[in-house]
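Just so we're aligned, residue 1 is where the sequence shown starts under UniProt numbering, counting upward by one.
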Amino acid sequence: MTVGPLNDILVLDLSRALAGPIAAMMLGDLGARVIKVEAPGTGDDSRTWGPPFVGPADDPQSSYFMSANRNKESIVLDLKSEHGKDALRRLIRRADVLIENLRPGAFDRLGFAADVLDELNPRLITLSITGFGHDGPEGSRAGYDQIAQGEAGLMSVTGDPDGEPTRIGVPIADVLAGVHGATGVSAALASREKTGRGMVVRTSLLAAAVSAHTFQGTKWTVGGQVAQRSGNHHPQIAPYGSFRCADGYVQIAVGSEAIWAKFAPVAGLSAQDPRFAVNRDRVAAREALIAAIEADFADRTRVDVLAALETAGVPAGSIRTIDEVYEWEQTRSQGLLLEVDHPVVGPVQLPGPSLRMETADGESLVRTAHAAPPVLGQHTEQILDWLDSVDATDPLDAMVSARA
């Protein structure tokens with residue numbers, strides 16, 4: 001039996017691309033059984049996103065798809081056919097969670113409106129993720145991550161001050177929407193234990209991106225100032241950012257006056273210099289402060305500077321490339337790189353889950369053995385056979401009556 005706090009939960013993943021699949025994958029990491037429902041022929045859109053593709057030329061596998069679909073089974077259903085709809089109805093009657101990220105109204109038009117889902121399974125929790133919300137004047141718009149990053153203001157605060165608005169280098173709106181969605185589902189599952197009823201959980205790429213504003217949001221809502229791009233330096237804390245050394249850059253975070261007192265001597269500065277006495281002064285004199293720090297670091301290597309900062313107790317780090325991150329022993333020690341056996345490609349390494357849950361004596365409470373992302377329709381016959389078996393031994397009407 002799969003280890004995990006959700007090991008008795010069945011999730012139907014009808015979502016595509018990234019936000020919904022990430023939410024489903026997180027639930028799978030926590031032990032849920034996740035059945036990915038895909039369209040015949042093409043499946044999830046991200047199966048075609050690349051390069052890079054891996055595997056044989058006549059059956060290329062997308063590394064993009066692999067990033068969000070571990071620990072899932074794949075069934076192919078044509079939801080425009082009555083046969084496909086009937087199979088989905090049977091799955092819904094058995095499911096705990098259904099995830100979809102179609103445009104508002106699209107799932108309804110397929111015959112699966114909220115009232116229909118409730119009739120099929122009153123304990124079902126539905127997670128619905130859209131681009132810009134389920135209502136409002138622009139709720140019908142299609143949502144893609146970069147569009148959401150721009151519309152939600154993230155690009156306006158990302159990049160060099162004299163450069164152009166810049167997208168964050170990972171699909172952050174998609175990722176956060178998935179994380180918020182999985183959080184909402186977890187809360188809904190806890191609520192169902194008390195009420196016996198399911199519910200609809202909603203989020204969007206817009207909501208997820210706005211939720212990430214933090215101090216940049218309150219800078220406007222409370223302070224009346226519109227945030228601007230500040231490159232690799234924090235707009236409200238100094239020194240906090242990347243600084244040039246003889247052979248590259250180091251990152252430094254002086255987040256308190258106590259840390260400033262430790263940092264200043266490392267950079268050849270006086271902590272009592274009136275120009276930089278407190279954070280407010282340092283922010284106002286940011287350019288002079290950066291110039292002074294980089295003048296001191298100009299003849300020092302990154303290794304030398306980082307060693308001095310560590311000795312002084314100043315938070316600091318390097319800027320790693322992606323390959324360096326996965327080669328870093330600290331990354332590996334946290335379970336952030338795992339190996340799975342893909343049915344087409346063979347052994348592959350994937351980024352691992354971010355959550356660790358343990359008992360007081362260190363026993364893991366989350367999945368430790370992971371399954372590779374499935375090929376399209378890999379489990380179709382197996383899942384249909386399972387449905388036939390459970391329907392024969394546990395009739396649907398009796399099951400739903402007992403659950404209601």
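Every residue gets a Cβ at the ideal spot worked out from N, C-alpha and C, and that includes glycine.
On a predicted model such as this, the values are computed, not experimentally measured, just so you know.
Terminal residues of the beta strand (DSSP E) in which residue i lies
| i | result |
| --- | --- |
| T126 | I125 to T130 |
| A277 | Here A277 belongs to no beta strand (DSSP E), and DSSP marks it neither H nor E. |
| D388 | First-last for D388: T380 to T393, but that is the alpha helix (DSSP H), not the beta strand (DSSP E). |
| R33 | R33 to E38 |
Between the CA atoms of residue j and residue i - distance to the nearest angstrom
| i | j | result |
| --- | --- | --- |
| G362 | W220 | 44 Å |
| Y240 | S230 | 11 Å |
| A312 | V325 | 25 Å |
| W260 | R282 | 10 Å |
| D29 | G4 | 8 Å |
| A113 | F107 | 6 Å |
| D304 | R244 | 13 Å |
| L127 | P161 | 38 Å |
| V266 | V254 | 12 Å |
| P60 | H379 | 19 Å |
| D135 | R202 | 11 Å |
| A87 | A369 | 29 Å |
| A182 | L102 | 17 Å |
| A19 | A264 | 43 Å |
| A208 | R167 | 15 Å |
| L338 | K80 | 37 Å |
| A177 | S156 | 20 Å |
| E138 | A258 | 48 Å |
| K262 | H180 | 38 Å |
| S242 | I252 | 6 Å |
| E164 | T158 | 9 Å |
| Y64 | D58 | 18 Å |
| S204 | V37 | 21 Å |
| I99 | S364 | 27 Å |
| R33 | S15 | 15 Å |
| D13 | M26 | 12 Å |
| V76 | K194 | 35 Å |
| A298 | A246 | 5 Å |
| R90 | I383 | 11 Å |
| G148 | G217 | First, the residue type needs correcting, since residue 148 is Ala and not Gly in the sequence shown. Computed Cα separation, rounded: 16 Å. |
| T301 | R286 | 23 Å |
| residue 451 | Q349 | Since the first residue of the chain shown is 1 and the last is 404, residue 451 is not available in this structure. |
| A190 | D385 | 31 Å |
| G31 | E327 | 27 Å |
| V226 | Q236 | 13 Å |
| V400 | Q146 | Low confidence applies here, because V400 scores a pLDDT of 42, under 50, leaving its location unreliable; read the following figure in that light. Their Cα atoms are separated by approximately 42 Å. |
| F132 | A288 | 42 Å |
| P52 | M66 | 11 Å |
| R93 | L120 | 6 Å |
| Q334 | G169 | 23 Å |
| A187 | G352 | 23 Å |
| L6 | V185 | 11 Å |
| A404 | R280 | At A404, the pLDDT of 35 sits below 50, so the modelled position is not reliable; the number obtained from the coordinates is stated separately. Each residue's alpha carbon lies about 59 Å from the other. |
Residue i - partner residues in DSSP beta bridges
| i | result |
| --- | --- |
| S204 | T130 |
| S364 | E358 |
| Q349 | E339 |
| L12 | I35 and L98 |
| G317 | Q251 |
Any non-hydrogen atom of the ligand FAD closer than 7 Å to residue i Cβ
| i | result |
| --- | --- |
| A24 | Summarising the ligand content, the structure contains no ligands, and the ligand FAD is consequently not present. |
Residue range of the unbroken alpha helix (DSSP H) whose run includes residue i
| i | result |
| --- | --- |
| H180 | I172 to T195 |
| S333 | E329 to S333 |
| V305 | R302 to A312 |
| P21 | A19 to D29 |
| E164 | Taken as a continuous stretch (DSSP letters only), E164 belongs to no alpha helix (DSSP H), as it is neither H nor E. |
| D296 | R286 to F297 |
| E151 | D145 to E151 |
In chain order, what are the residue ranges of uninterrupted beta strand (DSSP E) at least 3 long that sit wholly in the segment 42-114?
Along the length of the segment 42-114, whole beta strand (DSSP E) runs at least 3 residues long occupy 73-76 and 97-100, reported in chain order.
Give, in chain order, every unbroken run of the beta strand (DSSP E) that is at least 3 residues long and sits entirely within the segment 200-267.
Annotation note: the segment 200-267 contains the following uninterrupted beta strand (DSSP E) runs of length 3 or greater, listed N- to C-terminal: 200-204, 240-245 and 248-253.
Touch test, the segment 366-384 against the segment 67-74, Cβ-Cβ under 8 Å, three pairs minimum
Contact holds between the segment 366-384 and the segment 67-74, because three or more Cβ pairs, one in each stretch, are under 8 Å apart.
Check whether the segment 171-181 touches the segment 45-64, counting contact only when three or more Cβ pairs, one atom from each stretch, lie closer than 8 Å.
Touching, no, given that fewer than three Cβ pairs across the two stretches are closer than 8 Å.
Flag this pair as touching only if the segment 144-152 and the segment 205-216 have three or more C-beta atom pairs under 8 Å; answer yes or no.
Enough Cβ pairs lie closer than 8 Å, so yes.
The segment 337-344 in contact with the segment 288-297 per 3-pair CB rule at 8 Å:
Verdict: no, contact absent.
Three or more C-beta pairs below 8 Å linking the segment 321-336 and the segment 269-280:
Contact fails: fewer than three Cβ-Cβ distances are below 8 Å.
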